[in-house]
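Reviewing the structure listed below.
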Amino acid sequence: RREYLISDAREEGFSEGFLVGKGYVMSPKDLCTLPFIEKLLDAKVGSLKIEGRNRNAEYVFETVSAYRKACDFYYQNRKSPTFNEDFARLKDELMPRLKSVFNRGFSSGFYMGKPVGDWTSKGNCAESRKLILGRVKKFYPRIGVAQILVSDNSISEGQELQIEGKTTGFLRLTASGLRTDEGACESVKKGQSFSLKVPKTVRKNDYVYIFKKIS
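The sequence shown: position 157 = 157 (my numbering), numbered continuously.
Written as structure tokens, this is what we have:
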């Protein structure tokens, strides 16, 4: 995305102004077609382009997964007598996933008529914030268990966590079966280590994150 220089036009010769960098407050909202994706598919659209420029793996995963699930459901169930109700329910389930990652608010663009108030955004409108939890200390491939050292914050049973690494890529899962040296536990605090089962290979020093809902 472009960067902009903001100046005060009231000053003779204009002021030096300032450069709008991180956050890009003048950027328009993100185009989101998920709420009416069936209209595009009904029109025989053959492909969807998902913008991922300057976005992280988490954004790409959540966005592509949401649209993939919606498209698959459409083609597999569009002849069902309960399709409209079932598809509406699925989209309601998928929208929070899109809102959980970086976004500038959502717009339907010109697909549903002329948009109102969609050309500026206050910046990141994600509904949750990613917080560092710690790093992977060791991975036991035979049993599919990762040992994690908590360096910041804390984690509880049932909480969502994310593991990222250059080779590992991106892995999101729900914390289940947490164990420390003392045995099974409900939560783990800063400074403690814990282990849990993971569905794929992770690696030493991979970063581990948790999510906190933004009020």
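Using N, Cα and C, we set each Cβ at its ideal position, and we do this for glycine too.
If we ignore side chains and look at the alpha-carbon of each, how far apart do residue i and residue j end up?
i	j	result
G31	E62	The sequence as given places Leu at residue 31; Gly does not occur at that position. So the alpha carbons of these two residues sit roughly 15 Å apart.
L157	I132	The residue you asked about is not Leu; residue 157 is Glu in the sequence shown. Between E157 and I132, the C-alpha separation is close to 17 Å.
R55	F170	13 Å
P141	L173	17 Å
L41	T82	18 Å
V208	V150	9 Å
G177	N205	21 Å
Y59	E186	29 Å
V236	R89	Outside the modelled stretch of the chain, which goes from 1 to 215, sits residue 236, for which no answer is possible.
L94	E85	15 Å
N77	F36	16 Å
K137	L98	31 Å
Y75	P96	22 Å
S80	Q162	36 Å
Relative to the alpha-carbon of residue i, which residue among the options has its alpha-carbon at the smallest distance?
i	options	result
K29	S107, I148, Y67	S107
I148	G191, G183, G46	G191
A146	G134, S154, R68, F73	G134
T180	K166, G165, L196	L196
Exposed or buried, residue i, counting other C-beta atoms within 10 Å across all chains shown (16 or more means buried)?
i	result
T168	buried
F139	buried
S100	buried
F73	buried
F110	exposed
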